[in-house]
Structure formats: C-alpha cells, structure tokens
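Colleague: One structure, as structure tokens, below. Some questions next.
Number of protein chains: 2
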Amino acid sequence: MPTLSVFMDVPLAHKLEGSLLKTYKQDDYPNKIFLAYRVCMTNEGHPWVSLVVQKTRLQISQDPSLNYEYLPTMGLKSFIQASLALLFGKHSQAIVENRVGGVHTVGDSGAFQLGIQFLRAWHKDARIVYIISSQKELHGLIFQDMGFTVYEYSVWDPKKLCMDPDILLNVVESKQIFPFFDIPCQGLYTSDLEEDTRILQYFVSQGFEFFCSQSLSKNFGIYDEGVGILAVVAVNNQQLLCVLSQLEGLAQALWLNPPNTGARIITSILCNPALLGEWKQSLKEVVENIMLTKEKVKEKLRLLGTPGSWGHITEQSGTHGYLGLNSQQVEYLVRKKHIYIPKNGQINFSCINANNINYITESINEAVLLTESSEMCLPKEKKP
Amino acid sequence: MPTLSVFMDVPLAHKLEGSLLKTYKQDDYPNKIFLAYRVCMTNEGHPWVSLVVQKTRLQISQDPSLNYEYLPTMGLKSFIQASLALLFGKHSQAIVENRVGGVHTVGDSGAFQLGIQFLRAWHKDARIVYIISSQKELHGLIFQDMGFTVYEYSVWDPKKLCMDPDILLNVVESKQIFPFFDIPCQGLYTSDLEEDTRILQYFVSQGFEFFCSQSLSKNFGIYDEGVGILAVVAVNNQQLLCVLSQLEGLAQALWLNPPNTGARIITSILCNPALLGEWKQSLKEVVENIMLTKEKVKEKLRLLGTPGSWGHITEQSGTHGYLGLNSQQVEYLVRKKHIYIPKNGQINFSCINANNINYITESINEAVLLTESSEMCLPKEKKP
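Chains A and B, in that order, give the protein sequences.
Residues in the first sequence are numbered from 33 upward in steps of one, following my numbering.
Residues in the second sequence are numbered from 33 upward in steps of one, following my numbering.
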C-alpha cells in the first residue's frame, strides 16, 4: 500500500469566503451582530422568502403532469424569456429586435463564471477589469483566477455622501470597456421592477453590447437553488446567436444541465398575473420595511445628537447601503462593539431590527464621537 | 449607435451535444427509434422516476420547518455523508479512517469539471488522459478543452463479446495513472448497491488515491436537478483536507452554492429506512425489467435464426450494453432502418419496449444477414 500521497504538494487553501463572516462566527460575544449578509433578512433575522414562492412550490409538487427530465444545456426556455422580459421590459426595443438572449445558469455566480470564460476565450486582448468595490470579493476573484488584472472603483462618493453613477458612465465611455452588469436583486431596490434596471435600458438605448448576470434567488427567496441567467445584448440577432452558441458549449462543460426547481417556481409566478401581483406586493412590503428601518436609524442618530448629517441613509435605495462612516469608525464598531461591517461601510439594512437597532445606533454614535474627537482632520462634511 | 459588434470575431459554435440525437430529431421517418438515451426509460418511453421520490418531494414541500437558505459551497453535509456511505459502504475502511470526503456538485458533469480543474491546477505534469470510449463524448471533451490529450480505450472485447476489466487494471497499474471513476447510476446495473461499486472498494483496498464522480440523478429519477458529488479518496485525513479545501475554492468560483432540492429529497430517502427500502425495491423492479427485455431480444433473435451467439446480451448488467454488432451493421441500422445506435454498438436496453421490440430485432436480423453475406471476413465468432 503506497504511503506517499499523489496530493503531497497540495497545501490547505486559504478560505476565500467572507473573512468578516468567519471572524463574526468565531466571536464569542453574545450580542455580536453581522450587518453584511448578502440576502434580505426578515425582522426575525431569517432570510426572507416571498410567500407566493411557498404556495407555488407546493402546487408544483402536487402536479402529476410535470416531468423531471434533464433541461437542455441552455436551460428552461420559458424561464429565460420571462427573466429577460423582467430585466429589459417586455417592450424593450432590443427584445423586439431579437438581439437579446440568455443562458439559464447556476445562480449569478454561474453566470459570472460562464461570462468570464467566454471573455477569456474570445477577447484575448482584454485583460483588465474594473469592478465596483462591493463586488470585488465575490466576483473579482473569479476574474483574477482567470488571469485578469482587477481594478476596483466605487460609485459611492464618501465626501458628498451619495452615489455618483457618472463615474461608471465616464469609465465605460472613455475606456472602451465591455460592460458586465450584475442585477442581484431586481425589485428590492425601489420595489419598482423597471426602475431597478433603468441602467440596462439606458445602455440598450445607447446601442451598447453587454453581458448581465441576473440572480432571481434573492428577490424570490429561493436561495438554495441558485437561479440565474447570463443575459447577452448584441447589435443584431446573427451576432447574438453566435455568442449564445459559444456560451452553450462552455455551459455544457461546466454543468451540462442547469437545475430546474427554482426556475420552474419563478416561471410559474412570472407567467401568472395573479401570482405576479402577489410577488410584486411582497417586494413592496419588504422595501417599505427597509425604508422604515432606515428612517428609524436616522431618527435615533438624530435623537442621540450624533454629529454629522445622516440624510444619505434614507436617500439610498435597496437592502444594502452606505452608513457613511470612515474606516476608523468602521474598525471601532467591529473591534469594540462586535458589530460586523465591511471595510467600505456598506451594510445590509435588513439586518437591523427591533432587537438590535438601539445597540447599533448607540454604537455608531459612540464611534463617531470618539473618532471625531481624536481626529485632526474630519473626513465627513458636517452640517451645523 | 455602433454598428460594429464587439462579438464580430465570434463564429457559430459546432454543436457538441449528440450528433446522433440531432440526426434522430431531424429524421422524418415515423417509426424512428433512438436507443442511446443516457437515462433509464419506462415501458411507455418516458424517463424513469422512482415513486418514492415523488412522495418525498411532496412531503418536503409541505414541511414549514425547512429553510431555503444558501447551502455552503461544499454543499449539504448530510447529503455528502449519505452519498459517500452509499458509494463506499458504511463500514468502508477508508470512511472509518476519515480519508474519504466529497464536494456536493451540480450533477456529475459539475463533478468532472471540478475534478479536472483541480488536476490541471495541481498536477501540471499530467497531461494525458485515458478515457473509456463510451464516456468520451460527454467527459472527454471537457479534458480536451482544458488542454489534456485524450486517448480512448474500451473494456469491451469485440472478439470475445464480453467485458474485460483487466484492461483497466493493467493500464492503471502499469502507467501510474490517477484514476477518476464515474458512477453514473449505482443500483441500476445489478440492483445490488454494493456490487455496483465493487471496483471502488477494490481500489480502496489496494491503497489507491482517486477521484470519483457520482450522479444520483439517474438512480432516483431526479434528472432536472443535477445531483452529484465529487468523491475524494486520499491516503490520510490531512491530505484529504488539503484537497477538499482547494476544491472548495474552485467550486466557489464555479457556482458558489450547489442546488439543494434534489440533494434534500435524496438525503431524506437515504436516511429513512422505510423510504430507503422502497427505493431499493424500485431499483430491483427496473433491473428485472431490463433483464426481461434482454431475454426477449435474445429469444426473438434466436427465433428469427439470426446468425451468431447472442448470449452476451443477457450476460451484461445494467441499462446500457453492447449489442455486439460491427460498425457496418450499426451503420445499416441507422441509415436503412432509422434505429439510432452509437458507433460502438452500446445501446440503452431500457429504450426497447413492447411497441418497438419486433421492429428492432427484425432489423438486427436483417443487418446481420446482409452484412454477413456481403463480407469476406467476419468480425464475429460464430457458433455452429
């Protein structure tokens, strides 16, 4: 029996996944709080699931007419069509002109993997990637592993405490960049599905070709199925078909057939007006709830007399938003208060609930007061 | 608006998937028959589903206590444990010694993709792959795409009309090959779960390290979920953990979280003695049914007086088996009789049913008679 391993040169890998989450999990402090979950949380601290999903799942499992055969490599056709209509709008010029298509993927990570493999194979000269900071840990590493050089940029202006989408547009237009969008939770920004993908409509109207990964796991609450598509916009149908055919070959090697359950549930909802209405209503409730949380955070900081303007908290849409803290303040919250926040200060507001809001706002207040008094130069613009 | 496409150099890809299936689909002949489906078919010509799966799926969808959160990148722990116990036997020495582990993957194709990525990254010198012919189209191309040189070999001896597993053992032992097994449908060969993976137990007993992809889609009938694992056997736990940690990093980039539904159904069945019993019974029925079909095929060929010995048909186990026809005979069946058979003559016997068995056996008889009379040199050993 051999005692030497063929794996003897293989070292233990450094865990990529969330060093922040890892630290949080290892923390013994009883009141520790994690504000960086990727998904929308309920007031009870569980990942949110749209009620209409549970109902539809049950209906589907009771339907004897359904088959459970392999999906084609490209995936469930009706799901792709419904997802593209959701992403671009049913009457999108690009859809009418047959120059938008998609591949049903294993979640948005699968969509990224697939899209990046295509770019590596067919755009050999393009080796530089600009990625929004908040996406770097998740998707930037995939680019890096495939030999791309990754530069980070942020659309958050820490001085003006607001988003500046012009940064994105300037980069794309001046540098001849191929855009690769990520729509991880359409409907959970403003609850208006069209409004949430306005940037795609803009790029379509400007005649850009681009990729877009879309996750439908988070806005339906089907996290464990990884439901996604890689959407492709090309200048015409002929080019689109060429790109899709190459993507099919890559998907065949990656997973051969994407998983069906989540896509089937979502398609049933998107194609049934009554269920669609219920889903939209559930999105509205979530978004209203998050806005309410943000209002409360702002109000509590005001009542505590925390220095600074906190209007930016309620000016941002969606589950995730910037607190507008500097790195010293973030570090204080993590180290001293056991409140886990990413370095860029962008948190998931749906992680804040009645049980932890007081501790969080009081801690922010403490962090701001302490760092303000210890710093010579204040990074935040103060209002009187 | 730009009119030049950034995709202008991207051609239409040649379809990899089943050129045979494609030709079959394009054939207008009303009585065409496809005998090369990957999955087990029912007598009615539908993909087989174990009844216990439907029952379990319904139970799961009615359980309000379940959550639908993201699985860890490595997948569902209880599923991996149950799958490994199925593959190696609960009392396998390697499991007891903690040197067997697995990653929950998107089907067996995902397992292959993951395993091959690992080998490319950590065994840079190994660039040659020997693959069983029948697996070449599916998995060989993945190796090729990643820069490996692929050689085919067959364990089917076309002269002796039988399987010769010594070919495999000789290759592995003499060439210092790293074995990568594929167990696509455990239980559908002999209906004896242990018997069907005896080769793995042999390699474990000989102290080999190896990879094994396992699909649980086909032996449960959950085709549309791509339920698989990549199993790793190492010389000790320390090496195993190193390999698994590297695989985790690769899986993170590939799909981040594997799909849960199929794995959850299968785990519920494997961990419940009553459900497990029902599943085993369903496997037994399928295998008995296939054996009956093979007996009928052999008997019909005997009654037709078809030259040659056809005992090898019933001597082979499982859904797929060699008819023992030469390439000229196979070509005759495809071209003249619209019966679609792969070039190597290996068919899926579960595709043969009461509706098509007469046409198939009569056509085989015709093919053998015609080619025997036209050939100078007979490739088959005839018995008097």
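Beta carbons: idealized from backbone N, C-alpha and C, even for Gly.
Counting contacts by CB-CB distance shorter than 8 Å, is B/G219 in contact with chain A?
Modeller: No, because no Cβ of chain A sits closer than 8 Å to the Cβ of B/G219.
Colleague: Going by Cα to Cα distance, which pick from B/I389, B/V400 and B/Y372 is closest to B/D59?
Modeller: B/Y372
Colleague: Give the straight-line distance between the Cα atoms of A/P416 and A/G343, rounded to the nearest whole angstrom.
Modeller: With a pLDDT of only 39 at A/P416, under the threshold of 50, the placement of this residue in the model should not be trusted; the figure read from the coordinates follows. A/P416 and A/G343: Cα-Cα distance of roughly 14 Å.
Colleague: Check whether the stretch 224–233 of chain A touches the stretch 175–189 of chain A, counting contact only when three or more Cβ pairs, one atom from each stretch, lie closer than 8 Å.
Modeller: With a cut-off of 8 Å, the stretch 175–189 of chain A and the stretch 224–233 of chain A do not count as touching, because too few Cβ pairs lie within range.
Colleague: What are the residues in the stretch 215–239 of chain A lying within 8 Å of chain B by C-beta distance?
Modeller: For the stretch 215–239 of chain A, which is checked against every Cβ of chain B, the residues closer than 8 Å are Q238 and G239.
Colleague: Buried or exposed: where does A/A153 fall if 16 or more other Cβ atoms within 10 Å of its Cβ makes it buried?
Modeller: exposed
Colleague: Using a Cβ cut-off of 9 Å, pull out every chain B residue sitting near A/P43, in sequence order please.
Modeller: C274, S277 and Q278
Colleague: Looking at the strands, I want to know which residues DSSP matches up with A/S247.
Modeller: A/G260
Colleague: Which residue marks the beginning of the alpha helix (DSSP H) containing A/Y234, and which one marks its end?
Modeller: R230 to S237
Colleague: Going by DSSP, what residue range makes up the alpha helix (DSSP H) through A/G356?
Modeller: Careful: A/G356 lies outside any alpha helix (DSSP H) and carries neither H nor E.
Colleague: List in chain order: all unbroken beta strand (DSSP E) runs of 3+ residues lying wholly within the stretch 45–131 of chain B.
Modeller: none
Colleague: Could you tell me which residues DSSP puts in a beta bridge with A/F212?
Modeller: A/F243
Colleague: Answer yes or no: do A/T346 and A/K330 have a C-beta to C-beta separation smaller than 8 Å?
Modeller: yes
Colleague: Can you find a C-beta in chain A that's less than 8 Å from the C-beta of B/E257?
Modeller: yes
Colleague: Check whether the stretch 117–130 of chain A touches the stretch 308–319 of chain A, taking contact to mean three or more Cβ pairs, one atom from each stretch, closer than 8 Å.
Modeller: The stretch 117–130 of chain A is not in contact with the stretch 308–319 of chain A.
Colleague: If we cut at 8 Å on Cβ distances, does B/L83 have a partner in chain A?
Modeller: no
Colleague: Which two residues bound the contiguous beta strand (DSSP E) that contains A/I384?
Modeller: No beta strand (DSSP E) contains A/I384, which DSSP labels as neither H nor E.
Colleague: Where B/V318 and A/Y221 are concerned, what is the direct C-alpha to C-alpha distance, given to the nearest angstrom?
Modeller: 51 Å
Colleague: Would you call the stretch 160–175 of chain A in contact with the stretch 184–204 of chain A, where contact means no fewer than 3 C-beta pairs closer than 8 Å?
Modeller: yes
Colleague: Quick check: the stretch 256–272 of chain B against the stretch 132–152 of chain B, are at least 3 beta-carbon pairs closer than 8 Å?
Modeller: yes
Colleague: Should A/T351 and A/C194 be called a contact, given that it needs their Cβ atoms to be closer than 8 Å?
Modeller: no
Colleague: Between the stretch 228–237 of chain B and the stretch 360–368 of chain B, do at least 3 Cβ pairs fall closer than 8 Å?
Modeller: Judged by Cβ distances under 8 Å, the stretch 228–237 of chain B makes no contact with the stretch 360–368 of chain B, as fewer than three pairs qualify.
Colleague: Around the Cβ of A/E280, are there at least 16 other Cβ atoms within 10 angstroms (buried) or fewer (exposed)?
Modeller: Its Cβ being crowded by 16 or more others within 10 Å, A/E280 is buried.
Colleague: List the whole-angstrom C-beta distance separating A/L401 from A/G377, where the pair is believed to meet the contact cut-off of C-beta under 8 Å.
Modeller: About 17 Å; that fails the 8 Å criterion.
Colleague: If we ignore side chains and look at the alpha-carbon of each, how far apart do A/S341 and A/W287 end up?
Modeller: Rounded to the nearest whole angstrom, the CA to CA distance from A/S341 to A/W287 is 49 Å.
Colleague: Where do the ends of the alpha helix (DSSP H) carrying A/I297 lie?
Modeller: T293 to L302
Colleague: Once the 5 residues before and after B/G219 are set aside, which same chain residues still bring their CB inside 7 Å of it?
Modeller: L225, D228, N251 and L315
Colleague: Determine which residues share a DSSP beta bridge with B/Y162 and list them.
Modeller: B/Y183
Colleague: CB-CB under 7 Å to A/L241, same chain, minus the five flanking residues each way: which ones, in chain order?
Modeller: Leu is not the amino acid found at residue 241 of chain A; the sequence shown has Glu there. Excluding residues within five positions, the ones whose Cβ falls inside 7 Å are V265, A266 and V267.
Colleague: Distance, Cα to Cα, B/K326 vs B/S206?
Modeller: B/K326 and B/S206: Cα-Cα distance of roughly 36 Å.
Colleague: Please go through the same chain and pick out, in chain order, the residues whose beta-carbon is closer than 7 Å to the beta-carbon of B/N304, but skip the five residues on each side of it.
Modeller: none
Colleague: Which two residues bound the contiguous alpha helix (DSSP H) that contains B/V318?
Modeller: P305 to L336
Colleague: What's the gap between the Cα of B/M408 and the Cα of B/P43?
Modeller: Its pLDDT being 44, under 50, B/M408 is placed unreliably by the model, and nothing is read from it.
Colleague: Taking 8 Å as the cut-off, does the stretch 68–80 of chain A touch the stretch 381–391 of chain A (at least 3 CB pairs, one atom from each stretch)?
Modeller: yes
Colleague: Quick one: is B/P79 buried, meaning 16 or more other Cβ sit within 10 Å of its Cβ, or exposed?
Modeller: So B/P79 counts as buried.
Colleague: Do you know how far the Cα of A/L146 is from the Cα of A/L67?
Modeller: Taking the straight line joining both Cα atoms gives about 30 Å.
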